[in-house]
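Worksheet: the structure to be examined is printed underneath.
Residue numbers (my numbering): 358 to 583.
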């Protein structure tokens, strides 16, 4: 019998730009069902969630392809609704398809998996004597990202480049990272970054690079398959 993975995006579902790239690593035994914290909302509705000073900032993608930036606090009740919906549809496991940090407030009868915890468990142990470089989508996320990764005890450099921007922000971040000679590994800290973007970073910097979506999918594949 197939396992049912309930995938929750902080944006709008379905994430056809994300899930297909994860499926090969999840395995044939896994069916993915989706829900989104911003489902049913218009772009104008979401603009009301604009971050204020001190807010935890999230970035995601809408069904029409537009990128949005908003404060995490506005979607917490909606995330619980997504959990309830996916449980009612038979999900065995819940996965947040976002690498952000979330408060421990959600209720579920099923395991909830957070990509941030998976990345934090694996990546710091791959660092030698050098630095960890992290790419995060938005300039307003740099400080919170620096804090998040510094808690692992490694020396961290953070740059920003949106996976959703029309302008090639990634090229600028690659050039910035090339100025550092002691980076051991680069983490692309957003589910929105894809394999092609990873390849660009790895080739441009000549540094081993981890992309969140496939690392998380590989771990889940081990858990969900017999």
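No residue lacks a Cβ here, since even glycine has one placed at the ideal position from N, Cα and C.
From the options, residue whose alpha carbon lies closest to that of residue i
i: residue 422; options: 406, 382, 440, 368; result: 368
i: residue 577; options: 398, 381, 358, 515; result: 381
i: residue 582; options: 375, 462, 406, 384; result: 384
i: residue 463; options: 441, 479, 566, 555; result: 441
i: residue 524; options: 500, 494, 456, 512; result: 494
i: residue 410; options: 528, 540, 430; result: 430
Local conformation of residue i per DSSP, three classes
i: residue 553; result: helix
i: residue 539; result: coil
i: residue 358; result: coil
Beta-carbon proximity of residue i to residue j, cut-off 7 Å
i: residue 393; j: residue 448; result: no
i: residue 416; j: residue 408; result: no
i: residue 484; j: residue 530; result: no
i: residue 453; j: residue 365; result: yes
i: residue 569; j: residue 468; result: no
i: residue 361; j: residue 388; result: yes
i: residue 513; j: residue 489; result: yes
N-terminal and C-terminal residue of the alpha helix (DSSP H) that residue i is part of
i: residue 391; result: First-last for residue 391: 387 to 393, but that is the beta strand (DSSP E), not the alpha helix (DSSP H).
i: residue 532; result: 526 to 534
i: residue 475; result: 472 to 479
Range covered by the beta strand (DSSP E) that runs through residue i
i: residue 450; result: 450 to 453
i: residue 428; result: 424 to 428
i: residue 515; result: 513 to 517
Residues bridged to residue i (per DSSP)
i: residue 545; result: 492, 568
i: residue 410; result: DSSP output for residue 410 lists no bridge partner at all.
i: residue 417; result: 425
i: residue 363; result: 390, 451
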